[in-house]
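Presented below is the structure to which this report refers.
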Amino acid sequence: MITRLRSLTTRWTAFVPVLSVVLLALTWSRDLPGAVVAVVTLVLAGAVLAAVHHAEVVAHRVGEPFGSLVLAIAVTVIEVALIVTLMADGGDKSATLARDTVFAAVMITCNGIVGLCLLVASLRHGTAIFNPEGTGAALATVATLATLSLVLPTFTTSKPGPEFSSVQLTFAALSSLILYGLFVATQTVRHRDYFLPITRQGEVITADAHADAPSARTALISLSLLGLALIGVVGLAKAVSPTIESGVESAGLGHAVVGVIIAMLVLLPETIAALRSARRDRVQTSLNLALGSAMASIGLTIPAVALATIWLSGPLVLGLGATHMLLLALTVVVSSLTVVCPAAPHPSRAGCTW
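Quick note on numbering: full-length UniProt numbering labels position 316 of the sequence shown as 316, and the sequence is numbered without any gaps.
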């Protein structure tokens with residue numbers, strides 16, 4: 001019976017990503033009636049769950065902290081493609097699209113995903129235990145990238161408005177890539193142990209003791225299906241966005257809410273994967289996923305959009321307003337206090353209690 005259930009699970013996680021891409025091809029750039037929207041939403045939810053499953057298979061094969069990079073980079077690459085496509089079609093109306101998307105991703109990951117993971121781990125295990133060295137380094141990189149790409153344009157004077165000049169945009173793009181590359185090198189080579197999950201005694205967990213790693217063939221198949229599932233998630237989220245937009249307008253909410261909702265849909269795979277790690281008392285893995293997603297969203301999106309401006313027409317507005325800068329500053333302060341939380345007595349770990 002258990003074998004049959006496992007076989008059924010394997011079948012649906014392999015079938016749904018393919019179905020999501022087929023459905024995306026059938027519904028792309030079309031007005032969808034209510035019944036079709038319901039079907040698309042159902043397949044979208046299935047693609048999210050399938051993406052989580054395949055991401056965990058790949059992560060289990062390559063091990064931490066490499067596994068946390070898989071989903072973060074995959075989602076970000078597809079997100080960049082979606083942003084560039086929308087900017088190409090939107091003209092001047094999409095001038096703030098990259099800024100709004102990146103800012104929403106940073107706020108959702110640093111506040112929403114991190115907060116939920118700490119809450120889940122604390123409620124289930126009493127204290128959320130993580131490595132302050134690795135988490136602090138990730139947070140510092142996110143804060144630096146956000147300041148360079150989203151805050152600095154507001155105060156430059158080379159162009160009117162919160163925009164970079166061509167030279168400034170090139171510098172920001174190269175700096176973002178270098179910072180992201182240096183962090184990845186730190187995470188995967190020089191100080192890999194800082195980003196591994198730890199026990200409540202402060203010992204590094206180097207392998208999953210509950211199951212053997214999947215074979216290379218299984219990992220490659222899951223990696224391919226993960227890519228299909230992520231394409232389906234992003235594409236189907238775009239397909240249902242007109243319906244979401246109509247609902248937001250009917251509710252009298254601001255147009256920016258649409259971007260937040262779509263960003264939440266795109267980040268669902270990482271959110272679920274991070275929460276599942278938190279439930280298993282692997283809080284460091286959860287934080288790697290959350291902060292790594294925020295970092296990749298800035299460090300890869302800004303350079304890609306900067307490169308795309310070579311052939312895209314229209315302005316590129318990156319600078320945040322005063323309200324959003326205040327929210328970003330508050331996020332950095334609260335996150336810093338969380339990282340240095342003194343609840344754990346062991347000097348090589350940190351913990352937060354709810």
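All C-beta atoms, glycine included, are put in the ideal place defined by N, C-alpha and C.
At which residues does the beta strand (DSSP E) containing residue i begin and terminate?
| i | result |
| --- | --- |
| ILE129 | 128-130 |
Once the 5 residues before and after residue i are set aside, which same chain residues still bring their CB inside 7 Å of it?
| i | result |
| --- | --- |
| PHE164 | PRO153, THR156, ALA172, LEU318 |
| THR41 | VAL240 |
| THR141 | LEU179, PHE183, MET295 |
| VAL120 | LEU275, ALA278, ARG279 |
| SER158 | SER165, GLN168 |
| LEU148 | ALA172, SER175, SER176 |
| PRO17 | ALA47, ALA50, LEU225, LEU228, ALA229, GLY232 |
| ILE78 | LEU230, ILE231, VAL234 |
| ALA88 | LEU312 |
Taking its Cβ as the centre, do 16 or more other Cβ atoms sit within 10 Å of residue i, making it buried, or is it exposed?
| i | result |
| --- | --- |
| MET1 | Interpretation of MET1 is limited by its pLDDT of 44, a score under 50 that renders its predicted location unreliable; the figure taken from the coordinates is listed afterwards. So MET1 counts as exposed. |
| THR309 | buried |
| THR199 | exposed |
| ALA209 | Since pLDDT at ALA209 reaches only 48, below the 50 mark, its modelled position is unreliable, and the value read off the structure follows with that caveat. Classification for ALA209: exposed. |
| VAL333 | exposed |
| ASP100 | buried |
| GLU56 | buried |
| PHE130 | buried |
| GLY252 | exposed |
| SER94 | buried |
| VAL340 | exposed |
| LEU226 | buried |
| PHE195 | buried |
| THR323 | exposed |
| GLY134 | buried |
| PHE103 | buried |
| VAL75 | buried |
| SER250 | exposed |
| VAL189 | exposed |
| VAL39 | exposed |
| LEU26 | exposed |
| THR85 | exposed |
| SER313 | exposed |
| VAL22 | exposed |
| ALA185 | exposed |
| LEU337 | exposed |
| ALA35 | exposed |
| residue 359 | With the chain running from 1 to 354 in the structure shown, residue 359 is simply not present. |
Tell me the residue span of the alpha helix (DSSP H) that contains residue i.
| i | result |
| --- | --- |
| PRO153 | 152-155 |
| ASP100 | 97-107 |
| ILE302 | 283-308 |
| ALA213 | It is not in any alpha helix (DSSP H) - ALA213 carries neither H nor E in the DSSP assignment. |
| ILE178 | 166-185 |
| ARG124 | 114-125 |
| ARG276 | 268-279 |
| GLY46 | 34-62 |
| VAL334 | 322-339 |
Following a CB-centred definition, is residue i positioned closer than 7 Å to any heavy atom of the ligand COA?
| i | result |
| --- | --- |
| GLY292 | With respect to the ligand COA, the structure shown offers nothing to examine, as it has no ligands at all. |
Output needed for residue i: all residues of its chain with C-beta closer than 6 Å, excluding positions within five of it in sequence on either side, in chain order.
| i | result |
| --- | --- |
| ALA138 | LEU291 |
| LEU223 | VAL58 |
| THR271 | ILE113 |
| ALA61 | Strictly speaking, residue 61 in this sequence is Arg, with Ala absent from that position. ALA213, PRO214, ALA219. |
| PRO197 | ILE205, ARG282, GLN284, THR285 |
| LEU5 | Because the pLDDT at LEU5 is just 43, under 50, the model does not fix this residue reliably, and the value given afterwards should be weighed accordingly. Hits under 6 Å: none found. |
| VAL305 | ALA98 |
| LEU32 | none |
| THR243 | VAL37 |
| VAL52 | PRO269, ILE272, ALA273 |
| SER246 | none |
| THR109 | ALA290, SER293, ALA294 |
| VAL260 | ALA104 |
Can you find the residues in the same chain that come closer than 8 Å, C-beta to C-beta, to residue i, ignoring five residues on each side of it along the sequence?
| i | result |
| --- | --- |
| CYS117 | ALA128, ALA274, LEU275, SER277, ALA278, VAL283, SER286, LEU287, ALA290 |
| TRP28 | GLY235, ALA239 |
| LEU44 | SER20, GLY232, VAL233, LEU236, ALA237, VAL240, LEU265 |
| ILE73 | ALA296, LEU300 |
| PRO315 | ASP92, ALA95, GLY161, GLU163 |
| MET107 | LEU327, LEU328, THR331 |
| LEU267 | VAL75, ALA105, ILE108, THR109, ILE113, SER293 |
| PHE66 | ALA59, THR188 |
| VAL80 | LEU300, THR301, ALA304, VAL305 |
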